[in-house]
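Enquirer:
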Amino acid sequence: MSRKINMAVSFAGINLKNPVIAASGTFGFGREYSQYFDIGRLGGIAVKGLTLLPRKGNPPPRIAETPSGILNSVGLQNPGVHAFIKDEIPFIRKYNTAIIANASGNTVEDYEKITEILSDSDIDAIELNLSCPNVKEGCMSFGSTPQGVKKVVERVKKVAKKPLIVKLTPNVTDIVEIALAAQDAGADAVSLINTLLGMAIDAKTRRPILANITGGLSGPAVKPVALRMVYQVSKAVKIPVIGMGGISNGQDAVEFLLAGATAVMVGTAGFVNPYAWVETIDGIEAYMLENGVDDVNELIGGLITD
Amino acid sequence: MRLIEKINCIEKLNSDTFLMRIESENISSEASAGQFVNIKCGEGSEAFLRRPISICSIDRENKTFDIVFNVRGKGTKLLSRYDSGDEIDVMGPLGRGFTIDPSHKSIAVVGGGIGIFPLLQVLKDHPAPNKTAILGFRTRDLVVLEDSFNQYSTELLIATDDGSYGHKGFVTDLLSKKVEAQNFDMVYFCGPSVMMKLGVEVLKKHNIPSEVSVEQRMGCGIGACLVCACKTRKGSDWDYSHVCKDGPVFKAEDIIFD
Ligand SMILES: Cc1cc2nc3c(=O)[nH]c(=O)nc-3n(C[C@H](O)[C@H](O)[C@H](O)COP(=O)(O)OP(=O)(O)OC[C@H]3O[C@@H](n4cnc5c(N)ncnc54)[C@H](O)[C@@H]3O)c2cc1C
Ligand SMILES: Cc1cc2nc3c(=O)[nH]c(=O)nc-3n(C[C@H](O)[C@H](O)[C@H](O)COP(=O)(O)O)c2cc1C
Ligand code: FES
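This is the structure:
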């Protein structure tokens, strides 16, 4: 006999039919993977990082393989927020999944402007990327200090008419202090972790593998760091936390939920296994059935530490 | 599509080059010359990413396709250890292949090193009566697939860097000489970008159109992650296109060789 289980989560005015979201920058605008599986099965899609104007991004090579992970230096190549609204939202809206617009900027004014524009579009939430390690000017400085986070989030919150998720960079001394700054400034939720700044060198040629020299690390390699940060932040803040970093399957996702995440994002794992997103959903369900959990919300913060 | 397929056979062509024949109804029926597959070479974290490898030859009747690869690093090393009968995790066919215009009467394929592999199927599929193949290798020991290229071309020219076999020098030398005597309707390139850049310049002087197959490091292999950028012309400006989805084959005039 099959038991009925609840996979839906609701937080900060965002309703997801399950807690699995495609991570920004790994899923484009959903078109490519829609040929591999029904993207309407996803709780949500965080789209490729958007900027006010189109961006070409960094020169190639933009990817290096590392033990259990990758470094990327895409540098926010995107068609700009207006093309997203015109060409991509109508496509994603054909599927029953939440649209999370990931937004970046170089100045506080950029963040404000893009938030205003997105607030009037048909999306479910805005995820502010304050943490992009690939772009030399700008956003790095906002996400890496509590003052920078506060400055941007306060201003953006005033104009935001959609739930505001602030995405945190792990490239800081104290992630908790940064998360608290985001909360104090009015963030409705935080998501973490973005990629860890790293580097790869080809000893044979004595050159860096990435044209950009440094890039962001993601994939299973970062999972322990991500889990630790999600755990610490969840304990410290009152707002919901979206966890990510190296999730490849249902068990990984359950670990993040137990650490305190209300939802999870899956990214790099999908490059290796294009079904990683749906298998993560199925895996959480299988875990719940096996362990007699009726409601996924029971798992959130369910870590036993005594 | 992501498929778990069976390896029909694997053959060592020389010290570090292998031919793998894979049974796949889907890929053999859907693939065209110049497309590629993205292969998971090992379990779990050994060689984490998939490896892009061109489809070298398609046997639509027997529902198999061949890949030929050089052992370079961990991924291709793992790939060389598979045995016939093993299962293999492949995504494909991926990307945009070569365009084959049946009105063309005279074509050439020009390849160097691992770049020769996707060119074989062009020769197999192209109905042109005159098909020239110009292939370059570092040295005699690395010459592979000579019989196959011979079988499907009307003329085969080989160059080696050290002159140990065929012409001593580059494929572009052979191409320059050839175009003085013969007019091609289309030339297909795959190989190192210096070779393709030179070759395209040679053809430009004769107004011969060409297509080039470009290589870049990949992540997703399907156009979602934007890591496999290559510079292409866009009106009077340029932009980054993506090798896995917009390519790997591009019109030569669209590519900006750096
Ligand atoms: C569209 C396309 C078609 C290709 N077709 C063939 C083919 O038919 N036969 C063949 O032998 N090789 C082919 N290659 C090159 C092949 O992908 C690389 O040799 C292979 O990825 C090297 O992996 P490795 O683990 O052995 O080397 P490593 O150096 O250990 O690889 C490390 C990382 O770098 C990437 N990488 C290294 N070299 C290249 C390269 N030249 N191109 C792209 N990524 C690279 C790998 O994929 C991996 O992610 C093709 C490449 C592309 C892009
Ligand atoms: C190729 C690539 C591009 C990315 N682009 C963005 C982006 O545009 N905006 C953003 O906030 N995060 C971006 N990220 C970070 C991911 O959303 C995610 O935070 C990180 O990869 C960790 O999760 P994972 O290990 O599951 O991939 C990108 C990651 C990768 C691998
Ligand atoms: S490899 Fe992901 S877009 Fe080409």
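Top line first, the protein sequences correspond to chains A and B.
Whatever position you read off the first sequence (first residue = 1), add 4 for my numbering.
Reminder that position 122 of the second sequence reads as 118 in my numbering, one-by-one numbering, no gaps.
Ideal Cβ placement from N, Cα and C applies to all residues, glycine included.
As the structure is a prediction and not an experimental result, all values here were calculated from the model.
Does any heavy atom of ligand 4 sit closer than 8 angstroms to the C-beta of threonine 168 of chain B?
Expert: Although ligand 4 was asked about, the structure shown includes only ligand 1, ligand 2 and ligand 3 as ligands.
Enquirer: Does DSSP put asparagine 126 of chain B in a helix, a strand or coil?
Expert: DSSP places asparagine 126 of chain B in strand when its eight states are reduced to three.
Enquirer: Over what stretch of residues does the alpha helix (DSSP H) that includes threonine 168 of chain B continue unbroken?
Expert: Note, threonine 168 of chain B: alpha helix (DSSP H), 167 to 177.
Enquirer: I'd like to know if isoleucine 74 of chain A contacts chain C, where contact means its C-beta is closer than 9 angstroms to some C-beta of that chain.
Expert: Reference to chain C is not applicable here, since the protein chains of this structure are A and B.
Enquirer: Please state if the CB of serine 195 of chain A and the CB of glycine 73 of chain A are separated by a distance shorter than 9 angstroms.
Expert: Cβ atoms of glycine 73 of chain A and serine 195 of chain A: not closer than 9 angstroms.
Enquirer: Quick check: does the Cβ of lysine 70 of chain B come within less than 8 angstroms of any heavy atom belonging to ligand 1?
Expert: Yes - ligand 1 has a heavy atom lying nearer than 8 angstroms to the Cβ of lysine 70 of chain B.
Enquirer: Taking DSSP as the reference, what is the three-state secondary structure of phenylalanine 185 of chain B?
Expert: Strand at phenylalanine 185 of chain B.
Enquirer: Suppose you measure from the CA of serine 11 of chain B to the CA of valine 223 of chain B; what does that come to, to the nearest Å?
Expert: Taking the straight line from one Cα to the other gives about 32 angstroms.
Enquirer: Please classify arginine 68 of chain B: is it buried, with 16 or more other beta-carbons within 10 angstroms of its beta-carbon, or exposed?
Expert: So arginine 68 of chain B ends up on the exposed side.
Enquirer: Does the stretch 224 to 237 of chain A touch the stretch 263 to 270 of chain A, meaning 3 or more C-beta pairs lie closer than 8 angstroms?
Expert: The answer is yes - the stretch 224 to 237 of chain A touches the stretch 263 to 270 of chain A, with three or more Cβ pairs under 8 angstroms.
Enquirer: Does any CB atom of chain B fall closer than 9 angstroms to the CB of tyrosine 99 of chain A?
Expert: Cβ-Cβ to chain B under 9 angstroms: no for tyrosine 99 of chain A.
Enquirer: Can you name the residues of chain B whose CB is closer than 8 angstroms to the CB of arginine 66 of chain A?
Expert: Under the 8 angstroms cutoff, chain B gives Arg213, Leu222, Val223, Cys224, Ala225.
Enquirer: Would you report the Cα separation of arginine -2 of chain B and methionine 87 of chain B, rounded to the nearest angstrom?
Expert: Cα to Cα, arginine -2 of chain B sits roughly 4 angstroms from methionine 87 of chain B.
Enquirer: So that I know if they touch, is there some Cβ in chain B lying closer than 9 angstroms to that of threonine 266 of chain A?
Expert: No, because no Cβ of chain B sits closer than 9 angstroms to the Cβ of threonine 266 of chain A.
Enquirer: Taking the alpha-carbon positions, what's the proline 205 of chain B to valine 183 of chain B distance?
Expert: Looking at the two C-alpha atoms, the distance is approximately 7 angstroms.
Enquirer: Express the C-alpha separation of phenylalanine 146 of chain A and valine 176 of chain A in angstroms, rounding to a whole number.
Expert: Distance between the alpha carbons of valine 176 of chain A and phenylalanine 146 of chain A is about 11 angstroms.
Enquirer: Looking at C-beta atoms only, is the number of pairs between the stretch 147 to 162 of chain A and the stretch 48 to 63 of chain A that lie closer than 8 angstroms three or more?
Expert: Too few Cβ pairs lie closer than 8 angstroms, so no.
Enquirer: On the CB-based measure, 16 or more other CB atoms within 10 Å of its CB, does glutamine 260 of chain B come out buried or exposed?
Expert: Chain B is shown from -3 up to 254; residue 260 of chain B falls before or after that span and cannot be answered.
Enquirer: How would you list, in chain order, the residues of chain B whose beta-carbon sits under 8 angstroms from the beta-carbon of glutamine 255 of chain A?
Expert: Per Cβ cutoff of 8 angstroms: no residues; glutamine 255 of chain A is ~14 angstroms from chain B at best.
Enquirer: With distances taken Cα to Cα, identify the nearest neighbour of glycine 38 of chain B among B/Gln212, B/Phe65, B/Gly71.
Expert: For glycine 38 of chain B, the nearest C-alpha among the options comes from B/Gly71.
Enquirer: Which of the residues in the stretch 71 to 99 of chain B, read from start to end, lie with their CB under 9 angstroms from any CB of chain A?
Expert: Listed by position, the residues of the stretch 71 to 99 of chain B near chain A (Cβ gap below 9 angstroms) are Gly71, Asp85, Met87.
Enquirer: Given this structure, state the Cα-to-Cα distance separating alanine 12 of chain A from aspartate 82 of chain B, to the nearest angstrom.
Expert: Distance between the alpha carbons of alanine 12 of chain A and aspartate 82 of chain B: 41 angstroms.
Enquirer: Answer yes or no: do leucine 20 of chain A and alanine 102 of chain A have a C-beta to C-beta separation smaller than 9 angstroms?
Expert: Yes; because the gap between Cβ atoms is below 9 angstroms, this pair is in contact.
Enquirer: Would alanine 225 of chain B and valine 78 of chain A be called neighbours here (beta carbons separated by less than 9 angstroms)?
Expert: Yes, they are a contact pair.
Enquirer: Are glycine 328 of chain A and glycine 287 of chain A touching if we call contact CB-CB under 9 angstroms?
Expert: This structure gives no information on residue 328 of chain A, because the portion of chain A shown stretches from 5 to 310.
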